[in-house]
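Asker: If you use full-length UniProt numbering, the sequence shown corresponds to residues 1 to 680, in order.
This is the structure, below, for whatever I ask next.
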Amino acid sequence: IKEDFEIVDQSQVPSATELKSEGKERGEEAKWATPILSLARKASENLALSYGNALKSASLVGFIPKPVSNDSTAKTSARCHAMEERANLMNMMKLSIKILIQSALSLGRTLDSDFPPLQQFFVVLEHCLKHGLKVKKTFIGQNKSFFGPLELVEKLCPEASDIATSVKNLPELKTAVGRGRAWLYLALMQKKLADYLKVLLDHKPLLSEFYEPDALMMEEEGAVIVGLLVGLNIIDANLCLKGEDLDSQVGVIDFSLYLKDTQDSDGKQDGGITAVLDQKHYVEELNRHLSCTVADLQNKIDCLEKTNSKLQEELAAATDRIGSLQEEQQQLKQQNELIRERSEKSVEVTKEDTKVELDTYKQSRQGLDEMYSDVWKQLKEEKKIRLELEKELELQIGMKTEMEIAMKLLEKDTHEKQDTLVALRQQLEEVKAINLQMFHKSQNAESSLQQKTEAISSFEGKTNEMMSSMKQMEERLQHAEKARQAAEERCNKMKQELAGRLDTCRQQMSQLDSKCSTLEKELKSEKEQRQTLQKELHQEKDATTLLKTELQQMEGLKKELRKLQDEKQQLEKVCEEQEQALQEMGLHLSQSKLKMEDIKEVNKALKGHTWLKDDEATHCKQCEKEFSISRRKHHCRNCGDIFCNSCSSNELALPSYPKPVRVCDTCHTLLLQRCSSNSS
């Protein structure tokens, strides 16, 4: 029943006698299928009578004015509409409070939240509080709730702070409507509902923010309702707020509690009402069983959905982890490839450097060999010159006087030569030491440096030959000294002749000195080159150590890759197991959904079927044979129709019956098909 009513012309309003005559004609033409529908029809007829009487009285008083203009008619219709709504709500409030007090006194105990008159009282009170509420516009949308004015009670009356805090602390309430209903429950349990609403009515300027001027709470009807609510202080109520869904309850007024059948009914009609009540109880039991099974299935479905969501979240996390591991693996592969490329490039560079160094070393060795060959040639020439000088000294022994000066000069020259020879020996010893060091280093080097060792060995052989030649030169010098002592007597005679020749010898010796200085410079340059080669060898060793460390790192990275691959395999196994579990859960969900659909079909079928009376059926519904004393009537417990014994000889277990009961052939086949489909 809606709150809004339309104002109709007096000519369109039917009278009470017309409505009664129309109701009788319709009752004669076709009977109602069940007495419940007949009760609903009576209720609608009574409402139509009251509605027609209200319109007639409004027209007599003058609430329905003559049409003057569109604006005036709209305003007057709105006022009349608001007055009718207030009057109707106040009357409904009176009835609900009266019936609630009567039923509570007859029971003589505390009332629960399942008590129907108490529920209807709260529904009517909610309609009264909602009447004339202003719509508040927010960013989300329009909001229209009666909890806003109830929150003012906390500010106006400090005793109501406990109710407000308890309502706000309830976690189950998510909407303002649910909080308002909980507030009304708690105020009724405290027996202060009338006091709190009276405080609100005393502060109407504050209420004007929430209500329109013609609202019920802003007019005199609100004070009347507050006075009626004082009578509820004699009622004890124990209402449990936990576990009740106050947000989604639908506030519909049930007029069956307030309507009374004024007409006397016959005995047959009373018997029909009892049969209908029995049928109603039977259907209620069926619905109760079905609702229990539906609730269990819904709980199972919720649990399965929760587990499914958890598994999906775990699967998403596992897939994310697998993706991250795969990305790390790709990064490690790229790093390994970069390290390999760098190592290969460094090895190639070192090989090319070693080749270049070997080439330079070979070239330097060739230059040294050429220099040594030139020195040997010069020494041979000096030997020849000295032999010629010895021959000349043997011929010029007689010339002692002239040869003494020449001999002194020769002694000086020989001393200088000895010094040069000593320096050469020292240089040769240094060369030997350097060659030995290079020999030891070349032994530790790779096979590519074997050519260097061979060149050094050849160089050592040449130095040994030089040493042997130097020893021979020393022996010859000793022989020359002996010959000099013997030739001193002759030298005096040969001084004059040898003076010119000595000048030439001096020039030759100066040339030899210059050549020796050049040789020393070349030796120094070779030493520097060898030092650079040693430094390069150290650098190569450092590079090899770095390469070894990189190889060790590569082995560690390979081990980590193996570990990551093992972890990836384990994660893949876990994912496969989770996918199998999800498939099984999906099968369970599909089966539960099929069961739900079957239960819904059964419920629809049960709602559609009606329990036929024995008087209404004269023939069997299936074989259409007439009933007699021998052919008796039998009800099908599934569809409610009447059949003969042969057409309803089957028995099956139904959800509303603990034991197998009688079922017709058609219902028997349908139920068997459903059972087979569910089992498959």
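Beta carbons are placed, not taken as given, at the ideal position from N, Cα and C, and that holds for glycine.
Note that this is a predicted model, so its numbers are computed, not measured.
Answer yes or no: do G178 and L118 have a C-beta to C-beta separation smaller than 8 Å?
Answerer: No, the pair does not count as a contact, with Cβ atoms beyond the cut-off.
Asker: From S106 to L239, what distance separates their C-alpha atoms?
Answerer: 19 Å
Asker: Does the distance between the C-beta of N492 and the nearest non-hydrogen atom of the ligand SAH fall short of 7 Å?
Answerer: Ligands are entirely absent from the displayed structure, and the ligand SAH is therefore not among its contents.
Asker: Could you tell me which residues DSSP pairs with I642 in its beta bridges?
Answerer: H635
Asker: Does the segment 157-176 come within contact of the segment 206-224, defined as at least 3 CB pairs closer than 8 Å?
Answerer: Short answer: they don't touch.
Asker: Which residues bound the alpha helix (DSSP H) around V199?
Answerer: Residue range L193 to D202 is occupied by the alpha helix (DSSP H) that includes V199.
Asker: Starting from E651, trace the beta strand (DSSP E) in both directions and tell me its first and last residue.
Answerer: N650 to A653
Asker: For P660, report the span of its beta strand (DSSP E) as first-last.
Answerer: In the DSSP assignment, P660 falls within the unbroken beta strand (DSSP E) covering P660 to V663.
Asker: Could you check the C-alpha separation between R674 and F121 for me, to the nearest Å?
Answerer: 44 Å
Asker: Between the alpha carbons of L428 and L338, how many angstroms are there, rounded?
Answerer: 50 Å
Asker: Could you pull the DSSP bridge partners for E626 from this structure?
Answerer: DSSP output for E626 lists H619 as bridge partner(s).
Asker: Quick test of the definition: if touching needs 3 or more C-beta pairs under 8 Å, does the segment 301-316 touch the segment 520-531?
Answerer: no
Asker: Between Q378 and the rest of its own chain, which residues show a CB-CB distance below 8 Å, the 5 nearest in sequence each way excluded?
Answerer: L512 and K515
Asker: Figure out for me which residue from L395, V349 and D374 has the closest Cα to the Cα of E540.
Answerer: V349
Asker: With burial defined as no fewer than 16 other Cβ atoms inside 10 Å of the residue's Cβ, what is the status of P158: buried or exposed?
Answerer: exposed
Asker: Looking at the secondary structure, which residues open and close the alpha helix (DSSP H) in which F210 lies?
Answerer: F210 -> no alpha helix (DSSP H), and no H or E assigned at all.
Asker: Would the segment 223-242 and the segment 185-199 be scored as touching if the rule is three or more Cβ pairs under 8 Å?
Answerer: yes
Asker: Could you check the C-alpha separation between T360 and D353 for me, to the nearest Å?
Answerer: Taking the straight line joining both Cα atoms gives about 10 Å.
Asker: By Cβ distance, which residues of its chain are closer than 7 Å to L206, with the 5 residues on each side in sequence left out?
Answerer: Excluding residues within five positions, the ones whose Cβ falls inside 7 Å are L152.
Asker: Considering only their Cβ atoms, is the gap separating E357 from E536 smaller than 8 Å?
Answerer: yes
Asker: If contact is defined by three or more beta carbon pairs under 8 Å, each pair taking one atom from either stretch, is the segment 631-638 in contact with the segment 657-673?
Answerer: yes
Asker: Given this structure, state the Cα-to-Cα distance separating E202 from L156, to the nearest angstrom.
Answerer: In the sequence under discussion, the amino acid at residue 202 is Asp, which differs from the Glu named in the question. Rounded to the nearest angstrom, the two C-alpha atoms are 10 Å apart.
Asker: Quick test of your reading: I397 and E489, contact by CB under 8 Å. State the CB separation rounded to the nearest angstrom.
Answerer: 6 Å
Asker: Check whether the segment 325-333 touches the segment 564-578, taking contact to mean three or more Cβ pairs, one atom from each stretch, closer than 8 Å.
Answerer: Taking a cut-off of 8 Å for Cβ pairs, the segment 325-333 and the segment 564-578 touch, as three or more such pairs fall below it.
Asker: Grab me the residues of G227's own chain with a C-beta within less than 8 Å of its C-beta, minus the 5 sequence neighbours each way, in chain order.
Answerer: Taking G227 as the centre and dropping the five residues before and after it, the same chain places the C-beta of A194 closer than 8 Å to its C-beta, in chain order.
Asker: Could you give the C-beta distance for H131 and L89, rounded to a whole number, given that I count them as a contact under 8 Å?
Answerer: Contact holds; Cβ gap of about 6 Å.
Asker: Assuming S208 and G180 form a contact by the criterion Cβ under 8 Å, report the distance between their Cβ atoms to the nearest whole angstrom.
Answerer: Contact doesn't hold; Cβ gap of about 19 Å is too wide.
Asker: Report all residues from its chain with a CB closer than 6 Å to the CB of C623; omit the five preceding and five following residues, and keep chain order.
Answerer: C647
Asker: Please classify residue 724: is it buried, with 16 or more other beta-carbons within 10 angstroms of its beta-carbon, or exposed?
Answerer: Nothing in the structure corresponds to residue 724, since the chain is present only between 1 and 680.
Asker: What is the DSSP secondary structure of L228, reduced to helix, strand or coil?
Answerer: helix
Asker: Look at the alpha carbon of M554 and the alpha carbon of L315, and state the distance between them as a whole number of angstroms.
Answerer: 33 Å
Asker: Which residues in the same chain as A182 place their Cβ atom closer than 7 Å to its Cβ, once the five residues preceding and following it in sequence are excluded?
Answerer: V167, L170, L173, L241 and L246
Asker: For C620, does the count of other Cβ atoms within 10 angstroms reach 16, so buried, or fall short, so exposed?
Answerer: C620 is buried by the Cβ-count criterion.
Asker: Looking only at its chain, what residues have a beta carbon closer than 7 Å to the beta carbon of I225, apart from the 5 residues adjacent to it on each side?
Answerer: M90, M93 and C128
Asker: What residue from A104, F210, L150 and K204 has the CA that sits closest to G231's CA?
Answerer: A104
Asker: What's the gap between the Cα of C644 and the Cα of A295?
Answerer: 37 Å
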